[in-house]
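I have placed the structure first, in the form of structure tokens, so that the comments after it can refer back to it.
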Amino acid sequence: MDFNYLTTIIFLPVAGAILIAFIPGLSQRAIKWLAALFTFVPLALSIYLFAIFDRSAGGIQFEEKLSWIPAINAHYHLGVDGLSLPLVILMTFLGFLVVLISWKIDLRLREYFAWLLLLETSILGVFCSLDLLLFFLFWEIEIIPMYFLISIWGTGRREYSAIKYVVYTLFGSAMMLAGILSLYFATGSLSMVEIAQGGLAMIQSVMPVAAIFLFLLIGFAVKLPVFPLHTWLPDAHTDAPTAVSVVLAGALLKMGGYGMIRLCVTIFPQVAQQYAPLLVAFAVVSVLYGAAVTLRQTDLKRLIAYSSISHMGYVLLGIFALGQVSLVGATLQMFSHGIITGLLFAMAGLVMHNAGERDLRKLGGLVRQMPIIAVVFSVAGLGALGLPLTSGFAAEFLVFVGSFSSTVVSGIQVYTILGVLGIVITAGYILWMLQRVFYGPVLEKFNVVKDADILERVYMFAFVAVIMLVGIYPAILTDVIKTGILPIMGLLGLGG
Amino acid sequence: MNLELLTPELTLAAVAIIVILLDLIVPRKGLLAVVSIAGVVAAAGFTIALWGGSSQAIFNNMLAVDNFALFFKLLFLAIAALVILASTDYVSKFARFQGEYYALVLLSALGMMLMAATTELISIYIALELTSISLYVLVGFLKDPKSTEASLKYLLLGAIASAVLLFGMALVFGFTGKTQLGEIAQAIQALSLTGVLASPGLILGMVLMIAGFGFKIAAIPFHMWVPDVYEGAPTPITAYLSVASKAAGFAIILRVFYSAFGLPQWLSLDWGMIFAVLAAIGMTLGNVIAIPQTNIKRMLGYSSIAQAGYLMVGLATVGIASATDIVGRSSLLFFLASYALTNLGAFIAIIAISNKLDSDLIKDYSGMGKRAPLLALALTLCLISLIGMPPAAGFMAKFYIFSGAVQHGLLWLVVIAVINSVISAYYYLRVVKVMWLGEPASEEKVPSSGALRLALSISCLGVLLLGIIPGYIMKLAEVAAKMFVF
Chain A
1 MDFNYLTTII
11 FLPVAGAILI
21 AFIPGLSQRA
31 IKWLAALFTF
41 VPLALSIYLF
51 AIFDRSAGGI
61 QFEEKLSWIP
71 AINAHYHLGV
81 DGLSLPLVIL
91 MTFLGFLVVL
101 ISWKIDLRLR
111 EYFAWLLLLE
121 TSILGVFCSL
131 DLLLFFLFWE
141 IEIIPMYFLI
151 SIWGTGRREY
161 SAIKYVVYTL
171 FGSAMMLAGI
181 LSLYFATGSL
191 SMVEIAQGGL
201 AMIQSVMPVA
211 AIFLFLLIGF
221 AVKLPVFPLH
231 TWLPDAHTDA
241 PTAVSVVLAG
251 ALLKMGGYGM
261 IRLCVTIFPQ
271 VAQQYAPLLV
281 AFAVVSVLYG
291 AAVTLRQTDL
301 KRLIAYSSIS
311 HMGYVLLGIF
321 ALGQVSLVGA
331 TLQMFSHGII
341 TGLLFAMAGL
351 VMHNAGERDL
361 RKLGGLVRQM
371 PIIAVVFSVA
381 GLGALGLPLT
391 SGFAAEFLVF
401 VGSFSSTVVS
411 GIQVYTILGV
421 LGIVITAGYI
431 LWMLQRVFYG
441 PVLEKFNVVK
451 DADILERVYM
461 FAFVAVIMLV
471 GIYPAILTDV
481 IKTGILPIMG
491 LLGLGG
Chain B
1001 MNLELLTPEL
1011 TLAAVAIIVI
1021 LLDLIVPRKG
1031 LLAVVSIAGV
1041 VAAAGFTIAL
1051 WGGSSQAIFN
1061 NMLAVDNFAL
1071 FFKLLFLAIA
1081 ALVILASTDY
1091 VSKFARFQGE
1101 YYALVLLSAL
1111 GMMLMAATTE
1121 LISIYIALEL
1131 TSISLYVLVG
1141 FLKDPKSTEA
1151 SLKYLLLGAI
1161 ASAVLLFGMA
1171 LVFGFTGKTQ
1181 LGEIAQAIQA
1191 LSLTGVLASP
1201 GLILGMVLMI
1211 AGFGFKIAAI
1221 PFHMWVPDVY
1231 EGAPTPITAY
1241 LSVASKAAGF
1251 AIILRVFYSA
1261 FGLPQWLSLD
1271 WGMIFAVLAA
1281 IGMTLGNVIA
1291 IPQTNIKRML
1301 GYSSIAQAGY
1311 LMVGLATVGI
1321 ASATDIVGRS
1331 SLLFFLASYA
1341 LTNLGAFIAI
1351 IAISNKLDSD
1361 LIKDYSGMGK
1371 RAPLLALALT
1381 LCLISLIGMP
1391 PAAGFMAKFY
1401 IFSGAVQHGL
1411 LWLVVIAVIN
1421 SVISAYYYLR
1431 VVKVMWLGEP
1441 ASEEKVPSSG
1451 ALRLALSISC
1461 LGVLLLGIIP
1471 GYIMKLAEVA
1481 AKMFVF
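Those sequence lines, one after another, are chains A and B.
Residues in the first sequence are numbered consecutively from 1, following the working numbering.
Residues in the second sequence are numbered consecutively from 1001, following the working numbering.
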């Protein structure tokens, strides 16, 4: 019997959470080290999986399947393919680094790390589940830790933001549940693999297939988020503690994009083609609207939050351009945005923590006090605006090239060009933000502000290394992603 | 005469009498709870021994001993045991009538067990009254103005509901000439379509019976008693009412409507639609009115109205599905089991907290996460289960019951139901928020007795078990749903 890698990766964090929550008398130090240990091992294991992933065979690997609830034909079915493996690595990577980012937290430490680890388990579960019920179960578990993390350790209007997040997400998942139930009824199966292979031929009911597609799509669109379902995001991001913003932007939003590719596109290729023009239009609106609103933010975290809406618009564009290159690009963009925006939020958190100020109008001249933070923040910013040699460039380039040459949506060239305009605005707000935080006249009040300490330099370096690595040699990821996308192209009937 | 088939009921009746007599002679009243629980466990043992046997009808087809009835008997016994465990602290405050308290709990459990088993209108009525009268007394047990008012209100409205039910039964009897459910079904099937249409009294009888039973399960518009009675009654009895009485109501509805009115198909479609509409109204109103409540018992009262709405989604499925399709019935049974564990867990936590606080106001729960972390954690788990979120039982229950409904074309109802779950999250999470985010009014810890802790851990473990590995209980529910005597 093979070692159950995925089960181990998924459940180690929650095991750590239970230990942290229930072992009496743990010191603060012990809690942090436990959390670090129980997130580092999954990271190491997932990198090992990435190394031994069979790129020539492709398909779903490291599969585990057990009967779970026979009465409704549900299975405990895990597996990763080229689409989900990068996202698993993204989550385990961020999961370990956010423990380091949280090292200075001292309020209700035990609960904090317990919730953070539970959050990691649920997100990993979403990426690895191949059974619809299991997928939905992990999808829902994520809500409760997020609620507590934002409402207890957040800032500003944290309770309002937390409940807003919960209500939006629950609304989305309610729609998704209706979709999953319809799909289950229509096919009699909860297995994503079976349903995708059987295709629409399995759907025998009189229910319009498009209705199921839209139910699922709304659920994922809330998460991604797509304009006009995005309004929870700026609030949740702004008021969440730094580490949670990193996970939220870095990995949680990707659940939406992943779900769209895994369920909407794979199971309903024809319907996806039919609705693609509409969704591509929404994508462009998200890109431009998100970027335009970002331009006029004065709060550091809110600015980065809004930029996510714009960047997730590229993901939506890449997905529903339905080309092979564009889908690879969309997946790479999810990974790259996770790392880059994760770093942006981490840096914003450091600036706020060290300078005690987050209002862009009151910040300035910090490059003298915090040169290292300034450099790393700039690297992240340049990654966000898609400078070559960063992962952002590789991802966005693939999205644009793929979308431009896509044959599915007529007039996609116009949409793509409009989307590219988003890059220009992005450059505007990123550079403006960097300028307002780090340059300009040196301010008296920041004279004693400290730069990053050793621990902070360690995680900064990790982030920057990944950004550069993927930027310089994107094939390290795209080779894997391609194996996940090719079968979908087959389903779309566009050759593979 | 097969008296051994009746051993669980006989045991319970005997133990109830023994408890009353013991009360006269033993000075240590703690013993009463022990004897009661021992009786419940013995009765459960006899029930398990009967499980899996072939279905039988006894006493001239008045009582059925089938897996369906046995499933419910086990459920009621489990609920009764947990309620007795949770009551020990509460009851020790009474100077007198402790024996009567336990005896009445046991007698009402006996009534419910009979309700799940009867297949004849008159014995249904008797079983129902046995349950109700015991509960009327229990609700008024505190004898303070609120409790007395609750009891009187429950008694008056309950009497009206009984009268309506009896009238409905009389009409059905008048048109079919039978009181046994199976014979009623035959009489109805013998009538032609025009024959049934020409006798609107039969349909009226059916509707009146829905109204009478609707009172028991707290379906809107027969729910007016719920908030006041829930608030006024002793909290263990509120817990008991909210789960056992509701489950008994669903058991009897399921048996009567499925057995007597299950065929012809158009008739069952009719009552299926009635329940679908009642479900939609019930969950929406229950959830919306629960939002502004400030008293946690009242809030859970309205929440139980909403939960009855979700359960009626299952009834609607039973009505619309063909008679051989068991998914509606088995998902209803599973939902009842998970709802019972969840709601009991929530109420037990509330009992422990209100023992200390002497208050049921939500704002007084402020900072409970610091004062009693484990109690607060348990209550949080139960509230999450009531929302229907994993990893708690409520999620699986909703998934199962809704998947049955979608299979039979009730997608519209399921969409209403899932949106309602979102609404309900708002007020359930408000309690969670107060407990974990609020500042504690005092630093004093909240103590809880061993019995309460035991009861709470049993229900919470059950909630997790049904939420994570529900396969076994679902299997039981399926077996129970299959074996049906009428």
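Positions of the beta carbon are idealized from the N, C-alpha and C atoms, including for glycine.
May I ask which residues mark the beginning and end of the alpha helix (DSSP H) holding residue i?
{"i": "A:Ile69", "result": "Note, A:Ile69: premise wrong, no alpha helix (DSSP H); beta strand (DSSP E) at Gln61 to Ile69."}
{"i": "A:Leu317", "result": "Leu300 to Ala321"}
{"i": "B:Ser1331", "result": "Val1327 to Leu1357"}
{"i": "A:Leu191", "result": "The question names Leu, but residue 191 of chain A in the sequence shown is Ser. Where A:Ser191 is concerned, there is no enclosing alpha helix (DSSP H), given that its DSSP letter is neither H nor E."}
{"i": "B:Val1196", "result": "Leu1193 to Leu1197"}
{"i": "B:Leu1263", "result": "Run containing B:Leu1263: none; DSSP gives neither H nor E here."}
{"i": "A:Pro371", "result": "Pro371 to Ala384"}
{"i": "A:Asn354", "result": "Gln324 to Ala355"}
{"i": "A:Ser286", "result": "Pro269 to Leu295"}
{"i": "B:Ile1423", "result": "Leu1411 to Leu1437"}
{"i": "A:Ser2", "result": "Looking at the sequence provided, one finds Asp at residue 2 of chain A rather than Ser. Looking at the DSSP string, A:Asp2 is not in any alpha helix (DSSP H), and its letter there is neither H nor E."}
{"i": "A:Ser238", "result": "Residue identity differs from the one stated: residue 238 of chain A is Thr in this sequence, not Ser. Trp232 to Asp239 is the span of the alpha helix (DSSP H), which, as asked, contains A:Thr238."}
{"i": "A:Trp432", "result": "Ile412 to Phe438"}
{"i": "A:Cys264", "result": "From DSSP, A:Cys264 is part of no alpha helix (DSSP H); its letter is neither H nor E."}
In the DSSP assignment, find the unbroken beta strand (DSSP E) run with residue i in it and report its ends.
{"i": "B:Val1065", "result": "Leu1063 to Val1065"}
{"i": "B:Gln1056", "result": "Gln1056 to Ile1058"}
Is residue i near the ligand COA, judged by its Cβ being under 7 Å from some heavy atom?
{"i": "B:Ile1350", "result": "By its list of ligands, the structure shown contains no ligand whatsoever, and the ligand COA lies outside what it can speak to."}
Which bits of chain A does residue i rub up against, with CB to CB less than 9 Å?
{"i": "B:Leu1411", "result": "Ala178, Leu181, Ser182, Phe185, Met207 and Ala211"}
Could you name the residues of chain A that residue i contacts, counting a contact when the two beta carbons are closer than 7 Å?
{"i": "B:Val1414", "result": "Ala178 and Leu181"}
{"i": "B:Val1406", "result": "Leu181, Ser182 and Phe185"}
Which residues in chain B sit within 7 Å of residue i, going by Cβ to Cβ distance?
{"i": "A:Tyr429", "result": "Correct list: empty, because the minimum Cβ distance to chain B is about 34 Å."}
{"i": "A:Ile141", "result": "Pro1390 and Pro1391"}
So with CB distances below 8 Å, who are the chain A contacts of residue i?
{"i": "B:Tyr1400", "result": "Ala71 and Ile72"}
{"i": "B:Ser1054", "result": "The contacting residues do not exist; B:Ser1054 stays about 23 Å from chain A at best."}
{"i": "B:Ser1403", "result": "Ile72, Leu181, Tyr184 and Phe185"}
Could you tell me which chain B residues have their CB closer than 8 Å to the CB of residue i, listed as they occur along the chain?
{"i": "A:Leu137", "result": "Pro1390, Pro1391 and Phe1395"}
{"i": "A:Trp68", "result": "Ile1469 and Gly1471"}
{"i": "A:Ile163", "result": "Tyr1426, Leu1429 and Lys1433"}
{"i": "A:Leu133", "result": "Phe1399"}
Below 9 Å on C-beta distance, what does residue i contact in chain B?
{"i": "A:Glu159", "result": "Lys1433 and Leu1437"}
contact_flag[the segment 298-311 of chain A, the segment 255-270 of chain A] where n(CB pairs < 8 Å) is 3 or more: Touching, no, given that fewer than three Cβ pairs across the two stretches are closer than 8 Å.
Can you list, in chain order, the residues of the segment 167-180 of chain A whose Cβ is nearer than 8 Å to any Cβ on chain B? So the close ones are Val167, Leu170, Phe171, Ala174, Met175, Leu177 and Ala178.
Give a yes or no on contact between the segment 21-35 of chain A and the segment 108-119 of chain A, applying the rule of three or more CB pairs nearer than 8 Å. Counting Cβ pairs under 8 Å, three or more are found: they touch.
Scan the segment 1419-1439 of chain B for residues whose Cβ lies nearer than 7 Å to a Cβ of chain A and list them as they occur along the chain. Within the segment 1419-1439 of chain B, the residues whose Cβ lies closer than 7 Å to any Cβ of chain A are, in chain order, Ile1419, Ser1421, Val1422, Ala1425, Tyr1426, Leu1429, Lys1433, Trp1436 and Leu1437.
Along the segment 1372-1387 of chain B, where does the CB come closer than 7 Å to a CB of chain D? Name the residues. No chain D is part of this structure, whose protein chains are labelled A and B.
Please give the ranges of any alpha helix (DSSP H) in the segment 1130-1186 of chain B, keeping only runs that are unbroken, at least 4 residues long and fully inside the region. You should have 1145-1176.
For the 8 Å Cβ check, are there 3 or more pairs between the segment 1332-1341 of chain B and the segment 1351-1361 of chain B? The segment 1351-1361 of chain B and the segment 1332-1341 of chain B do not touch, with fewer than three beta-carbon pairs separated by less than 8 Å.
Give me the subset of the segment 1460-1479 of chain B whose CB atoms are less than 7 Å from a CB atom of chain A, sorted by chain position. So the list reads Pro1470, Gly1471, Met1474, Lys1475 and Glu1478, given in the order they occur along the chain.
What residues in the segment 1308-1339 of chain B bring their beta carbon closer than 7 Å to a beta carbon of chain A? Of all residues in the segment 1308-1339 of chain B, none has a Cβ within less than 7 Å of some Cβ in chain A.
Tell me whether the segment 1272-1282 of chain B and the segment 1080-1099 of chain B touch, counting them as touching only if at least three CB pairs, one residue from each stretch, are closer than 8 Å. Two segments are said to touch when three or more pairs of C-beta atoms, one from each, lie closer than 8 Å; by this definition the segment 1272-1282 of chain B does not touch the segment 1080-1099 of chain B.
Please name the residues in the segment 143-154 of chain A whose beta-carbon is closer than 9 Å to at least one beta-carbon of chain B, in chain order. If the cut-off is 9 Å between Cβ atoms, the segment 143-154 of chain A has Ile143, Ile144, Tyr147, Phe148, Ser151 and Ile152 near chain B.
Just to confirm the assignment: which complete beta strand (DSSP E) runs, minimum length 3, are found wholly within the segment 1003-1088 of chain B? Annotation: the segment 1003-1088 of chain B contains the following complete segments of the beta strand (DSSP E) (minimum length 3 residues), in chain order: 1056-1058 and 1063-1065.
State whether the segment 1143-1153 of chain B contacts the segment 1210-1218 of chain B, with contact taken as three or more CB pairs (one from each stretch) at a distance under 8 Å. Segments in contact, no.
Please give me, in chain order, every unbroken run of the beta strand (DSSP E) with length at least 3 that falls completely inside the segment 24-94 of chain A. Segments of the beta strand (DSSP E) lying fully in the segment 24-94 of chain A: 61-69 and 74-80.
I'd like to know if the segment 1374-1388 of chain B and the segment 1244-1256 of chain B are in contact, where contact means that at least 3 CB-CB pairs between them fall below 8 Å. Contact fails: fewer than three Cβ-Cβ distances are below 8 Å.
Would you list, in sequence order, the uninterrupted alpha helix (DSSP H) runs of no fewer than 4 residues that lie entirely inside the segment 109-143 of chain A? The segment 109-143 of chain A contains these whole alpha helix (DSSP H) runs: 109-128 and 132-141.
Taking 8 Å as the threshold, find out whether the segment 264-284 of chain A comes into contact with the segment 486-495 of chain A through three or more Cβ pairs. The count of Cβ pairs closer than 8 Å, one atom from the segment 264-284 of chain A and one from the segment 486-495 of chain A, reaches three, so the stretches are in contact.
Three or more C-beta pairs closer than 8 Å, one from the segment 367-383 of chain A and one from the segment 291-299 of chain A: is that the case here? Fewer than three pairs of CB atoms, one per stretch, sit closer than 8 Å, so the segment 367-383 of chain A makes no contact with the segment 291-299 of chain A.
Do the segment 123-132 of chain A and the segment 102-110 of chain A meet, that is, are 3 or more Cβ pairs less than 8 Å apart? Contact between the segment 123-132 of chain A and the segment 102-110 of chain A is absent, because fewer than three Cβ pairs lie under 8 Å.
Below 8 Å, how does it come out for the segment 1039-1052 of chain B and the segment 1221-1236 of chain B: are there three or more Cβ pairs, yes or no? The answer is no - the segment 1221-1236 of chain B does not touch the segment 1039-1052 of chain B, with fewer than three Cβ pairs under 8 Å.
Scan the segment 349-362 of chain A for residues whose Cβ lies nearer than 9 Å to a Cβ of chain B and list them as they occur along the chain. Flagged: no residues at all.
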